[in-house]
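Data block below; observations after.
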Amino acid sequence: MPGPFAVFRRKWPAPVWEPMAPFIIAGGIVYWGVWQGQNALANTDEFRNDPRNPNAKPSKPASH
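The opening position of the sequence shown corresponds to residue 7 in our numbering, with each subsequent residue numbered one higher.
Encoded structure:
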């Protein structure tokens, strides 16, 4: 039985990857740009200590 990615190696009756290439590349560029913008905004002074920020230092838990 062929592997799960054998469908990507088969010959298609019509070009598939060539027309899709600009959209795949543009999607990667948009994904990278949003990722960089999110990281830049998460590290601003306003959100640096926000508890919702995944990069924020954990605050000390309240003692009982």
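For glycine and all other residues, C-beta sits at the position ideal for the given N, C-alpha and C.
Suppose you measure from the CA of residue i to the CA of residue j; what does that come to, to the nearest Å?
i          : j          : result
residue 14 : residue 22 : 10 Å
residue 27 : residue 50 : 35 Å
residue 42 : residue 12 : 34 Å
residue 17 : residue 57 : 51 Å
residue 10 : residue 20 : 21 Å
residue 25 : residue 40 : 24 Å
residue 32 : residue 38 : 10 Å
Do residue i and residue j have their C-beta atoms closer together than 8 Å?
i          : j          : result
residue 53 : residue 59 : yes
residue 62 : residue 55 : yes
Helix, strand or coil for residue i, going by three-state DSSP, please let me know.
i          : result
residue 15 : helix
residue 53 : coil
residue 61 : coil
residue 36 : helix
residue 20 : coil
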